[in-house]
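In UniProt numbering, the protein residues as written are 1 to 461. Working notes, structure below.
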């Protein structure tokens, strides 16, 4: 974790002593400037009237004193100005956004306050200082140690955005859309917490900007679409020059969960494990038609299934530890199968189909079998015709959902047809679509299941 650089513990203590002596009880916006080298170097007296240089600036904001990182130690810079690291006397870390007063968006300050992220704001000499908690390292700079960590971060990020869009994260219950989701604007703390940063373009109504490469296509202006169409024939310098001359967002285009979902799909693509089954889902999140993009509740289910793909018991325990739209392991796999069968022009994970999964155990079980088969080791070991066979299984999912008669007998009859196909086309001794789940946990009696759960829970204490 970064921190301010102090020459020694004694230096840190002395600078804070001087800062409190000169700033305590004084109004917001008062600042002690760091001492610059030279013949006119500013020196500050301590309580014993001895003079010392300061290697950090100190400032009062909202009744609190902050120490700012020294010269050249900038965390980031953009149209808003610059971002520096800051600390309070207890060594708690903050980020300080520093920009011209005219460049600071009051809407951003309002959103930060509503999300309980704003720790203070003050003005001095035509500049605005905004203090925020330091929340971690951006994802584009994180060195992930395992695929499991990547999936866990993915699940947390989806939930973070779901809560933001649903109004859960807001003190006023306002539904807020970030509008600039990308790896640089997502941070990971040392204890594994995932947070969004940079709400300068966020809104509860419209899209006012964003990062072109991550912006949903329906929000692009006609000028932007025309420029993108000829990008391949242009040099990067020429493209950026022309981009600066246009407004690339449709005026007044409404922000929504679908527009944030598109950016989220591209962001997850940057760090989701290469071999994860999630890449089909990420493609659906980037569908050109907004209504074809899956809900974030459904995306959470698919990531959860991938995270615990090797153990139904672990999947069941994870289901108990948090809130999801599924209640059973079969429902999790059935919903995941709906996405496996979806395309960028056909979304099977609709509210109606999700209700069918929950209301029909037979349908849920059958879709779960499809999901298990698509993820089985068989396809890793038999590469010949793998793509065609997987696509046929996805077609079976679409046919099953399209079938009007979803009584248990009808579903069983359809599954028998699919099983006969699997026996004829898959060179394996596994009984086609009746392939076993990752672990036989749910094939056991309730007493055996409870014994397994008790043993697993005891191992965690």
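The beta-carbon is built from N, C-alpha and C at its ideal position, and this holds for glycine as well. Predicted, not measured: the structure shown is a model, and the values here were computed from it.
With 16 or more other Cβ atoms from the protein chains shown falling within 10 Å of its own Cβ, residue 367 counts as buried.
By DSSP's assignment, residue 133 forms a beta bridge with 94.
By the Cβ test, the stretch 220-240 is not in contact with the stretch 179-199, since fewer than three Cβ pairs between them sit closer than 8 angstroms.
Here residue 204 is near residue 177, since their CB atoms are less than 8 angstroms apart. Contact between residue 344 and residue 284 holds: their C-beta atoms lie close to 6 angstroms from each other, under 8 angstroms. Per DSSP, reduced to three states, the secondary structure at residue 279 is helical. Membership of residue 426 in any beta strand (DSSP E) is not indicated, and neither H nor E is assigned to it by DSSP. Here the C-alpha atom of residue 372 lies approximately 11 angstroms from the C-alpha atom of residue 378. Per DSSP, residue 335 lies in no beta strand (DSSP E) segment; the continuous alpha helix (DSSP H) that holds it begins and ends at 329-341. Put simply, the backbone Cα of residue 107 is about 27 angstroms away from that of residue 58. DSSP, read as helix, strand or coil, puts residue 241 in helix.
From the listed residues 139, 188 and 281, the smallest Cα separation to residue 342 is found for 281. Scanning 41, 50, 269 and 256 for the CA closest to the CA of residue 151 turns up 269. If you compare the alpha carbons of 130, 364 and 160 with that of residue 297, the shortest gap goes to 160. In the three-state reduction of the DSSP assignment, residue 224 falls in the helix class, which pools H, G and I.
Check the Cα spacing between residue 258 and each of 76, 390 and 158: the tightest is with 158. Put simply, of 413, 410, 362 and 425 the residue whose alpha carbon is nearest the alpha carbon of residue 384 is 425. Straight-line measurement puts the Cα of residue 300 at about 14 angstroms from the Cα of residue 340. The straight-line gap separating the alpha-carbon atoms of residue 36 and residue 317 is approximately 58 angstroms. Taking residue 74 as the centre and dropping the five residues before and after it, the same chain places the C-beta of 82, 83 and 84 closer than 8 angstroms to its C-beta, in chain order.
Taking C-beta atoms as the reference points, residue 326 and residue 315 fail to come closer than 8 angstroms. In the DSSP assignment, residue 124 forms a beta bridge with 127. Sorting 390, 330 and 346 by C-alpha distance to the C-alpha of residue 361 places 330 at the top.
By the Cβ-count criterion, residue 65 is buried, with 16 or more other Cβ atoms from all chains shown falling within 10 Å of its own Cβ. The way I'd put it, the stretch 227-242 doesn't touch the stretch 121-141; fewer than three beta-carbon pairs between them come closer than 8 angstroms.
Collapsing the DSSP output to three states places residue 393 in a helix. Per DSSP, the continuous alpha helix (DSSP H) segment holding residue 267 begins and ends at 257-269.
Pairing residue 34 with residue 70 gives a Cβ-Cβ distance under 8 angstroms. Around the CB of residue 240, fewer than 16 other CB atoms lie within 10 Å, so the residue is classed as exposed. Secondary structure note for residue 158: its alpha helix (DSSP H) is the uninterrupted segment 147-166.
Your pair residue 219 and residue 175 does not check out as a contact, with CB atoms roughly 17 angstroms apart and the cut at 8 angstroms. Taking C-beta atoms under 8 angstroms as the contact rule, residue 402 and residue 370 fail to qualify, at a distance of about 14 angstroms.
Counted as a single uninterrupted DSSP element, the alpha helix (DSSP H) harbouring residue 306 occupies residues 296-307. For residue 353, the enclosing alpha helix (DSSP H) begins and ends at 351-359. DSSP places residue 113 in the uninterrupted alpha helix (DSSP H) bounded by 106-114. Check the Cα spacing between residue 276 and each of 156, 93 and 308: the tightest is with 308.
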